[in-house]
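Sequential numbering of the sequence shown, starting at 1, is according to the working numbering.
Below is one structure, written out as structure tokens; comments come after it.
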Amino acid sequence: MWGVLPILAVSQISIVSLILRATYYWDRDYSLEYDLIDPSTEHIVSEKDFVARELIDYEFSHPFENSCVYPNLQPEDPTILDLHHHRVEYECPESKFNNFVHQFEDGSFMISEPFQSTMHLNSNDVSCYFRELTGALWPTINVYRFKGLWKKLPLEKRFRLEKDQFVIKCWEIESHTLVYHNAYSNAPFKHELKAETLTKDYSLAILQIDSTSRNAFVRHCPKTLRFMLENGYDFLHGYTKIGDNSAINTLALLSGKVFEPEIRNLSGYVDKRDFLDEDETLGNFQKLVPFLFNVMKDRGCVTFFNDDIGMTNKGLFHYQAFTGFRSVPTDYYYRPYFEYIYQNFDASYSCANGKLLIPFWLRTWKNYLLAYKNYCHFSFNHYSLFTHGDGSNLQFYDKYLYNILKELKESGVLNNAFLLINGDHGQRIHRIRGTYYGRVEERMPLAALSIPQRFKQEHPELYLNLKKNKNRFTSTFDLHETLKDVANNFIAYDGESGKLQNDGNGVYRIGTSLFQEISKDRSCREAKIPDNFCVCQVKLNKTEDIDWMEITKNAGFLMKSHIRNFITNSCLSSQNITIDLPTTTSNVCSIRPIIRSGPRTMDIWEYRKKHTIGVENLTVDILDVEFVSTITTNGKEKLESGCFENGTIKLLFRFQYNRNNTNNLMNMNVEPMIISGNCTGRILDVVCNK
């Protein structure tokens, strides 16, 4: 049997030779040699390779302008190629039941006999029933309960169930044998809620995918990413988490509160009023904590909370000292459904009855948004198990998430709703975490916003601030304040000037909203990011084990090639132009030892330092190497005059250098920044095309 064919470049070989050698191996239990691949095999460059270059928005800011030199890593790197995979198909365990029940995209159902079914379905032989799910609240958070009686369902007729979550079972009448069993979530419109219709109010929707960094999203969701970029989603490039795990970061995102600040090294960073006390943790949790869904519920908005618990007895606020909710916190709340599927099916494989659960979960959320698109609504989703231990599984979201975002746009849901797609943190479990890339990605999760066009037109000054802040150094607390502005319908802002009322005096905020310009000169302490999560790099001394002359030579070649692109497109005159390249580097920096070590708390770091566990062997794998190049020209240029300084333009380049790479190759992951004059542009491409 032939083995798996690796996709590699091959030398030219004759057809005759190929046939002879293939015949020789036909009956042998060997894998084919690499040079037996058909020379016509074509490697198709992935869409993500192109999309990644467009991810940084240089129109109003630049990553290099920050005093915090945070890493800018390329999504794909040789050091992590063996640690992630591009998977297309997912094999669920085979179901022991016939596939009798079908749920349509709009949430409706039909019970019918599949083609070539081994069992015939008719009303004389089989009866199907449903029963509503409830429960799973404190103190029995893992105990779901049935509500009402089993009610019979029609066969071969399309129907709706006006329930949030329920179980469907089918029995063979004569033998009383169970022939179908599954649980479903749904989002029917609830007339009794009397939701506020949208006039000038805004809604808020959040989709949080566990353990998802921005780079992982680029690697594994290229189709969705392309759609998001083409439709104006704003990605936060310097966004950094404030805590270790899902609960801590989500609590900060949804409420601005901090749990166990001493353990998490936040007691000296945030005000005591932000501490979550014992009464709030163990008492009436959802009432005492200022969650965004409470803020919007007070506005008359419909609310939705969908937390994939990952396993029974767990959940975002159901582990460590958290005890969960004592009453249903939102109008739609799906913990009973998740407890049921994790206890009754092999949902730990992210499947139920042989089907992948991702499209069903996303469908429930989508149908909720469609049902309330003309009403004020809030929704929060957290999907955990699928990506919690392996970021490569993120790829299975791609086609489903793309289709849903496309439908939300076409249906008009996003005309009045802010949408956040984010990760709570990067990968914390998989072995990629031990690499340089893993340490950085764990601390820099995905955060991307869809802003309604109406808001951009009504509040251009607020949206301009957000555009500037896309490349600034930001934290989970900043994102919380941004969402809180939306939840409060921007009541803190003056309607005409767009500024905070009374310049924000007397209004306490744990972070800075993205609708206010964030300082370029911001430290981790000012962003309220603990030391063990602070990705701001430090300057290093040039070590003798690196060939700096060769690095400078290679950098010069890359800089010249980049600048010549703008000479050929007539932005810079080809006459009388001189490119002065540096003879040495100006700065070399990398992440600090504490980040390379990756402790989850400062106590762990102090212990490691004291006992020298792994600390003495820490190596700085990847460096950021800076160069400044000067362009002198006497020609008439298209560049704005403010970019010139005595006829010269200075560009700051920053290259990523992997010291384990024997070829001294470097990557330019970010466009060089103009640092001369008072140029209003940030990169050559922006100012050349104005």
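The beta-carbon is built from N, C-alpha and C at its ideal position, and this holds for glycine as well.
Secondary structure note for Q103: its beta strand (DSSP E) is the uninterrupted segment 101 to 103. Within the same chain, no Cβ atom closer than 6 Å to the Cβ of V328 is found once the five residues on either side in sequence are excluded.
In the three-state DSSP reduction, A247 falls in the helix class (H, G or I).
With a threshold of 16 other beta carbon atoms within 10 Å, S411 falls short and is exposed. Annotation: the continuous beta strand (DSSP E) that includes H382 extends over 377 to 383. Of the residues assessed, L572 falls on the buried side of the cut-off, its CB having 16 or more other CB atoms within 10 angstroms.
L133 sits in a strand when the DSSP states are folded into three classes.
Sequence-distant partners of F345 (beyond 5 residues in either direction) whose C-beta falls short of 6 Å from its own C-beta, in its chain, are A352. The stretch 395 to 440 is shown to contain whole alpha helix (DSSP H) runs of 4 or more residues at 398 to 411, in chain order. If you keep only unbroken alpha helix (DSSP H) runs of at least 4 residues inside the stretch 182 to 244, you get 214 to 220, 222 to 230. Per DSSP, the unbroken alpha helix (DSSP H) holding E481 starts and ends at 476 to 487.
Between the beta-carbon of S213 and that of G426 there is about 4 Å, and that keeps the pair under the 8 Å contact cut.
Judged by DSSP in its simplified three-state form, N689 adopts coil rather than helix or strand. If you draw a straight line from the Cα of K366 to the Cα of E91, it comes to about 25 Å.
Considering only Y437, G511, G434, the residue with the shortest C-alpha distance to D271 is G511. About 42 Å separates the CB atoms of Y397 and C643; that is not less than 8 Å, and the two are not in contact.
If the five residues before and after N678 are omitted, its C-beta is found closer than 6 Å to the C-beta atoms of G642, all from its own chain and listed in chain order. The way I'd put it, the stretch 521 to 530 does touch the stretch 236 to 248; three or more beta-carbon pairs between them come closer than 8 Å. Remark: C-beta atoms of M602 and N249 do not approach each other more closely than 8 Å. For K366, the enclosing alpha helix (DSSP H) covers residues 358 to 371. Look at D621 here: in three-state DSSP terms it is coil, with no helix or strand label. Residue burial is scored here from C-beta neighbours: K542 has fewer than 16 other C-beta atoms within 10 angstroms and is therefore classed as exposed.
Using a 10 angstroms sphere on the CB of K194, the tally of other CB atoms stays under 16, which defines it as exposed.
When the five nearest sequence neighbours on each side are left out, the beta carbons in the same chain lying within less than 8 Å of the beta carbon of F104 are those of M110, R158, in order along the chain. A residue is called buried once 16 or more other Cβ atoms fall within 10 Å of its Cβ, and V538, having fewer, is exposed. Apart from sequence neighbours up to five positions away, the residues of its chain that approach K152 with a beta-carbon distance below 8 Å are S127, C128, Y129, ordered along the chain. Of the candidates A136, A252, P93, A136 places its Cα closest to the Cα of K314.
Look at R596 here: in three-state DSSP terms it is helix. Short of 8 Å from the beta carbon of D580, and not among the five residues preceding or following it, lie these beta carbons of its own chain, in chain order: S629, T630, I631, T632. Fewer than three Cβ pairs drawn from the stretch 478 to 494 and the stretch 551 to 571 lie within less than 8 Å of each other, which leaves the two stretches out of contact. In summary, S211 is buried, with 16 or more beta-carbon neighbours lying within 10 Å of its beta-carbon over all protein chains present.
The beta carbon of S255 is closer than 6 Å to those of V289, P290, F291 in its chain, skipping five residues each way along the sequence. If you draw a straight line from the Cα of V167 to the Cα of S267, it comes to about 46 Å.
If you look at Q537, you'll find it isn't in any alpha helix (DSSP H); DSSP assigns it neither H nor E.
Minimum Cα-Cα distance from K200 among the listed residues N489, F557, P582 corresponds to N489. M296 sits in a helix when the DSSP states are folded into three classes.
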